[in-house]
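Take a look at the structure set out below.
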Amino acid sequence: MAAEVRRDSFKTFWDKYSDKPDTNSMMLNQTANDLEASDRAEILSSLPLLTNKDVVDIGAGIGRFTTVLAETARWVHSTDFIESFIAKNQERNAHLGNISYQIGDAVNLQMEEKSVDLVFTNWLMMYLSDREVIEFLFNAMRWLRADGYMHLRESCSEPSTGRSKSSTMHSNAEANPTHYRFSSLYIKRSNNWRQVHWLTKKVSADGDDETTINDLLKLFSQTWYAEQVAWDAKLDNEKYVWTDKIFSNAIDNEVVPKNSTAYVFTPRKSSPYLHINSHLLAEKFTCNVWNVEMNENFYRTSLTKANNEKDQRVR
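Sequential numbering of the sequence shown, starting at 1124, is according to our numbering.
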């Protein structure tokens, strides 16, 4: 029963915007038209080639992505649980004959096994409970063909508008059921580094062991959460890296062209404290820096530091 109440709260949340099936409502941002095209282009640029591929666009809304996906893919199944959004979606895409539409909740979506090559979502998981997230991922793995892909994009820790009160459409007076669990455009426009994308590929499993939904739920809701909290406590207030002086001296004579891009790979295999300070590199060379972390816990601390430092050269 608790899960049903949970779904009702999300439906109620989105029903408030059902009479305004437009871009602002889709992005919960009053200035969405200023960034929608760039946001959409950035996400689509990360997807695999979709020629002769079948796609399901889940939580599609008015079809921001459905349109472009259908221009390349063989077929697109576009779904959302708000009827007026799907109606607008159909109206916008009436000229395309390779799209099917469905009104329904993502948690109840049923599809044939191995029927699609891409499961596409954008801001979906944050409207699911922990159990619903795990169940959805299990379903997506069943729907995908071999070597198929799943795209996820979520607001982690805070809304896509960051802490800006001028542009957000989230009401301070009303309950917001969204899960902000632990992108370049949002760095530029909102000083928000917590727009995170994943592109995952379905591959054959190693071995025959199977993980149950309950096992994964325990990891997702308890074990991994506790691990992240512990690492946050150790690393989030790290103002300086002990390697700063060593590294700074080592690169004193190096020259990097202004506004170029440096790639920083930080595996942290010896110690979580042994890594290169990307912010130091950006400051020393006045260059852009792509920081790549191999550990998901340390990745979050890097995001936290980026959000605090607000140096748009560091990604």
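No residue lacks a Cβ here, since even glycine has one placed at the ideal position from N, Cα and C.
Fair warning: this is a prediction, and the values are worked out from it, not measured in the lab.
Simplified DSSP state of residue i, which is helix, strand or coil
{"i": "Ala1269", "result": "strand"}
{"i": "His1398", "result": "coil"}
{"i": "Ala1405", "result": "helix"}
{"i": "Thr1291", "result": "Below a pLDDT of 50, predicted positions are generally treated as unreliable, and Thr1291, at 48, falls in that range; no measurement from the model is reported."}
{"i": "Val1378", "result": "coil"}
{"i": "Thr1424", "result": "helix"}
{"i": "Lys1433", "result": "coil"}
{"i": "Ala1164", "result": "helix"}
{"i": "Arg1215", "result": "helix"}
{"i": "Lys1324", "result": "strand"}
{"i": "Leu1275", "result": "strand"}
{"i": "Phe1305", "result": "With a pLDDT of 44 at Phe1305, under the threshold of 50, the predicted position of this residue should be treated as unreliable, and no value is reported."}
Nearest neighbour of residue i, chosen from the options [CA to CA]
{"i": "Trp1365", "options": "Asp1434, Met1249, Ile1399 and Trp1246", "result": "Ile1399"}
{"i": "Ile1205", "options": "Ala1193, Ala1196, Ala1164 and Ile1181", "result": "Ile1181"}
{"i": "Phe1208", "options": "Arg1187, Thr1409, Trp1198 and Asn1411", "result": "Arg1187"}
{"i": "Phe1343", "options": "Trp1354, Glu1255, Glu1416 and Met1417", "result": "Glu1255"}
{"i": "Val1326", "options": "Met1273, Ser1393, Ala1164 and Ile1185", "result": "Met1273"}
{"i": "Leu1339", "options": "Lys1324, Trp1413, Leu1275 and Asp1253", "result": "Asp1253"}
{"i": "Tyr1224", "options": "Ala1269, Gly1271, Tyr1386 and Val1178", "result": "Val1178"}
{"i": "Ala1217", "options": "Pro1171, Asp1331, Thr1189 and Glu1406", "result": "Thr1189"}
Residue span of the alpha helix (DSSP H) that contains residue i, given as start and end
{"i": "Asp1355", "result": "Trp1347 to Leu1358"}
{"i": "Val1191", "result": "Thr1189 to Thr1195"}
{"i": "Ile1185", "result": "From DSSP, Ile1185 is part of no alpha helix (DSSP H); its letter is neither H nor E."}
{"i": "Asp1332", "result": "Here Asp1332 belongs to no alpha helix (DSSP H), and DSSP marks it neither H nor E."}
Span of the beta strand (DSSP E), counted from its first residue to its last, around residue i
{"i": "Ile1181", "result": "Asp1177 to Ile1181"}
{"i": "Thr1202", "result": "Trp1198 to Asp1203"}
Bridge-paired residues (DSSP) for residue i
{"i": "Thr1384", "result": "Asn1411"}
{"i": "Glu1416", "result": "Thr1389"}
Closer than 7 Å to chain C by CB, residue i
{"i": "Ala1263", "result": "Absent from the structure: chain C. Only one protein chain is present."}
**Report entry** Completely contained beta strand (DSSP E) runs for the segment 1217 to 1271, where each covers 3 or more residues
**Finding:** At a cut-off of 3 residues, the continuous stretches assigned as beta strand (DSSP E) that sit fully inside the segment 1217 to 1271 are 1222 to 1226 and 1239 to 1244.
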